[in-house]
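Comments concern the structure below.
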Amino acid sequence: MVKVERTFPAPASLAAEAQKESGSYEMPDVVAQLKKDFHDKCYICELKGLQDPQVEHLLPHKGGMYRERKFDWKNLFWSCSHCNSIKNQRQYDEGILDCCQEDPEKYIAFRFSDKNEIDVSAICAEDETAVRTAKLICEVFNMRNTGMRIYRSDFRLKALQAEMNVLFDNLEELKRNPASKAARRKLKALLRRESAFAAFKRGYLREHLTEYPTLKEDFI
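Position 176, counted from 1, in the sequence shown is what our numbering calls 180; the numbers after and before it change by one each time, with no gaps.
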């Protein structure tokens, strides 16, 4: 999860659909703008190029019980069905970090270990929202309580592993050839917030920045 810049004004259909008894918050203009703003990445797991995108509510509207949330542009997020289904637990009803308002990297540590495992934790254990968010992110990579969740969690973990291996290969190339402009360009692209699993890649470099001092100016 990384910081996302949401564009305004809200898609025009939201106001019109909110006036209808059975209005939809998934009109084409909403879907198109969310896909663009979130760079076609699930805001929770950061899988890119979603085949199963959903318009997700940061704070649940409970089947329309909280109607003001249902059509609130600030409450709509681009998610995959896997993350949305796991977030749809009562323990997350009080909310997780709003990545359009706060920078998650300031509140959560994203680590990928040499054992190909993830470690996501709140930087401050007393920050309940950050703790909930970190727990959710761990669950979407590790939950295995049904056959499909085993498959979907493993799929995301393997995709993360593949992306981290690309990062490691490019870091090794930079070590071999520190003057390589091509290696710098590739690494800068890999570390952009728009890239897949950016929080984990940026988290790794943040903890190893002394090994790659020439990347500091690219690490934004």
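Just so it is clear, CB atoms sit at the ideal spot from N, CA and C, and this is done for glycine as well.
Since Q58 sits in a beta bridge, which residues does DSSP pair it with? S83
Assess, as a yes-or-no matter, whether the stretch 43-55 is touched by the stretch 198-214 under the definition of 3 or more beta carbon pairs within less than 8 Å. yes
Among all the DSSP beta bridges, which residues are the ones paired with K91? None; K91 has no bridge partner.
Going by other Cβ atoms of all chains shown within 10 Å of its Cβ, with 16 needed for buried, is K119 buried or exposed? Around the beta-carbon of K119, fewer than 16 other beta-carbon atoms lie within 10 Å, marking it exposed.
Threshold first: 4 residues or longer. Then list the alpha helix (DSSP H) segments lying entirely within the stretch 157-217, N to C. 185-194, 202-211
Going by DSSP in three states, D41 sits in which element: helix, strand or coil? The answer is helix: DSSP assigns D41 an H, G or I state.
Beta carbon of L164 nearer than 7 Å to that of I100: no
K205, buried or exposed, once every other Cβ within 10 Å from all chains shown has been counted against 16: buried
Put I154 into one of helix, strand or coil per three-state DSSP. helix
Just how far apart, CA to CA, sit R73 and L161? 32 Å
Looking at T11: is its Cβ nearer than 7 Å to the Cβ of D41? yes
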